[in-house]
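The numbering of the sequence shown is the numbering used here, which starts it at -19 and goes up by one.
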Amino acid sequence: MTKNKTQGRRSLKRFAVILSVLAFLGYLIFRLFEPVFVWNSGWQSFSNQDRTMGEQTAIPADYADIIFEANKNLDAAITANNFPAVSIAFGKGGKLIWARAAGFRDLDNKVPATLDTKFRIGSVSKAVTATTAARLFDEGVLDIDAPIKDLVPYYPQKDFDITTRQLMTHTAGIRHYGPCLCFPFDEYSNQKHHDSVESAIGRFSKSPLLFEPGTDFSYSSYGFTLASAAMEGASGQSFDTLIETKLTAPLGMKNTMREGLAAGDFAVPYAIKDGQYKKAYPVDSSNKTAGGGFLSTPTDLVLMTQAILMQDYVKPEIRDSLFFTPQKLASGEVNEQDYAFGWRSHLSTGTFGEERKIMISHHGGVAMGGIAFMIMYPEHDMSIAITVNRQMNGVGELVDLVQAIARDVILKTDEQLGGVPK
-19 MTKNKTQGRR SLKRFAVILS VLAFLGYLIF RLFEPVFVWN SGWQSFSNQD
31 RTMGEQTAIP ADYADIIFEA NKNLDAAITA NNFPAVSIAF GKGGKLIWAR
81 AAGFRDLDNK VPATLDTKFR IGSVSKAVTA TTAARLFDEG VLDIDAPIKD
131 LVPYYPQKDF DITTRQLMTH TAGIRHYGPC LCFPFDEYSN QKHHDSVESA
181 IGRFSKSPLL FEPGTDFSYS SYGFTLASAA MEGASGQSFD TLIETKLTAP
231 LGMKNTMREG LAAGDFAVPY AIKDGQYKKA YPVDSSNKTA GGGFLSTPTD
281 LVLMTQAILM QDYVKPEIRD SLFFTPQKLA SGEVNEQDYA FGWRSHLSTG
331 TFGEERKIMI SHHGGVAMGG IAFMIMYPEH DMSIAITVNR QMNGVGELVD
381 LVQAIARDVI LKTDEQLGGV PK
């Protein structure tokens, strides 16, 4: 009898141990793949409330017909793509011509988006960071072709020296974010907060270079994190301070900042599926602030691009060589993405087709619960930016909206010039 009781207790202990191990493994698997497991829960149906309502600036008479068409296209896109909220701005000749916000920055509470609503802009952050770095270069504060080892002493020395130019043209060989031994397992879904650029660099500082800097191209948000450290080292100021004092304050960009500093009018990030919505998986972008962690508005982005185009922000020769000239590799070939210093720049057939190629400089951004696109047309002193607070795989829908506006504006300019392209 005693023997049976002892065996029974042992069996219960084994069962308890097995149950504990299984529970731990279950928790471990859930935490590793949490974004996958929670994807199918929490969905809500869209209401029938009109999401094309909102606010816009006064419409200049010279552009009334163009903006009328733009509004029609935007309304159709809101419905077709289930945009919770969308914001757009258009500038030309150093001025903001038009801006509009529509839909809800908060679907649950039906809070309308305004022209000051801040959206996640994803990799458009790279252009914001690079523009600030160009100002430091213009002022003689930052040597973008000097090795960063003296500016960022806490970054381990690799087999080759790395420069800020290489970091901001994705030719430095720094890896992008990817799978990790962390919760969740993908660095894109990061939930760990980093209080400093130095802390964020710890995420990838031990990773080897993918190739000898300058010899190849590999897109990397972490490269911009390291570049922001070089900016700090050269200036003796924090990255946040540099963005404020060198970019946002001088240009009046009152709604551009890293996400951790934002408050108030913020567009809730959403995921959309089959006519339903839910809040996007919560992430912390402090591991990639410089390359993907900013909030902004299209109006702010147009203020920045107009300052670039009208030669007010950096010297024209610096602007042209950094922003409008794709980086060449050591082989002499232009990199595969026509990537310049924080911008993609090339002749494009997207506006008029093969019969008329237009010079453009642009950047798109895909964030958790947000997409953005910003473009400059240097030959026409024109820029357009657009943001949406929903998760998508790309920015193609936004590009189509922007190109339609650009096409109409350029054709109008042609007409004013007697049909001769500028």
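Note that the Cβ used here is the ideal one computed from N, Cα and C, for glycine as well.
Computed from a prediction, not measured in an experiment: that's the story for all the values here.
Residue j beta carbon less than 9 Å from that of residue i
i	j	result
residue 273	residue 239	yes
residue 268	residue 357	no
residue 302	residue 117	yes
residue 114	residue 298	yes
residue 53	residue 372	no
residue 366	residue 103	no
residue 374	residue 351	yes
residue 332	residue 345	no
residue 76	residue 37	yes
residue 282	residue 363	yes
residue 47	residue 392	no
residue 186	residue 266	no
residue 189	residue 142	yes
residue 288	residue 338	no
residue 111	residue 284	yes
residue 198	residue 271	no
residue 144	residue 79	no
residue 180	residue 122	no
residue 286	residue 74	yes
residue 342	residue 264	no
residue 307	residue 109	no
residue 93	residue 83	yes
residue 246	residue 193	no
residue 85	residue 275	no
Per-residue DSSP class, three states only, for residue i
i	result
residue 83	strand
residue 152	coil
residue 211	helix
residue 36	strand
residue 241	helix
residue 93	coil
residue 126	coil
residue 400	No answer about residue 400 holds up, because its pLDDT of 48 lies below 50 and its placement is not dependable.
residue 119	coil
residue 380	helix
residue 105	helix
residue 31	coil
Residue environment, residue i, which counts as buried when at least 16 other CB atoms sit within 10 Å
i	result
residue 137	exposed
residue 464	Limits of the chain in this structure are -19 at one end and 402 at the other, which puts residue 464 out of reach.
residue 133	exposed
residue 226	buried
residue 229	exposed
residue 33	exposed
residue 26	exposed
residue 200	buried
residue 98	buried
residue 128	buried
residue 212	buried
residue 208	buried
residue 280	buried
residue 404	This structure cannot speak to residue 404, because the chain is shown only from -19 to 402.
residue 327	exposed
residue 361	buried
residue 65	buried
residue 95	buried
residue 255	exposed
residue -2	exposed
residue 205	buried
residue 40	exposed
residue 24	exposed
residue 146	buried
residue 21	exposed
residue -6	exposed
residue 349	buried
Beta-ladder partner(s) of residue i, from DSSP
i	result
residue 158	Its beta-bridge partners do not exist; DSSP assigns none.
residue 370	250
residue 100	275
residue 364	70, 355
residue 257	24, 252
residue 347	350
residue 76	71
residue 404	Outside the modelled stretch of the chain, which goes from -19 to 402, sits residue 404, for which no answer is possible.
residue 143	127
Residue i Cβ short of 8 Å to the ligand NAD heavy atom set
i	result
residue 186	Annotation note on the ligand NAD: not contained in the displayed structure, which lists no ligands.
Which runs of the beta strand (DSSP E) at least 3 residues long sit entirely within the stretch 269 to 343? Give them in chain order. Complete beta strand (DSSP E) runs here, min 3: 274 to 276, 324 to 328.
Secondary structure, alpha helix (DSSP H): runs of 4+ residues fully inside the stretch 180 to 238: Counting whole runs of 4 or more residues, the stretch 180 to 238 contains the alpha helix (DSSP H) stretches 201 to 215, 219 to 223.
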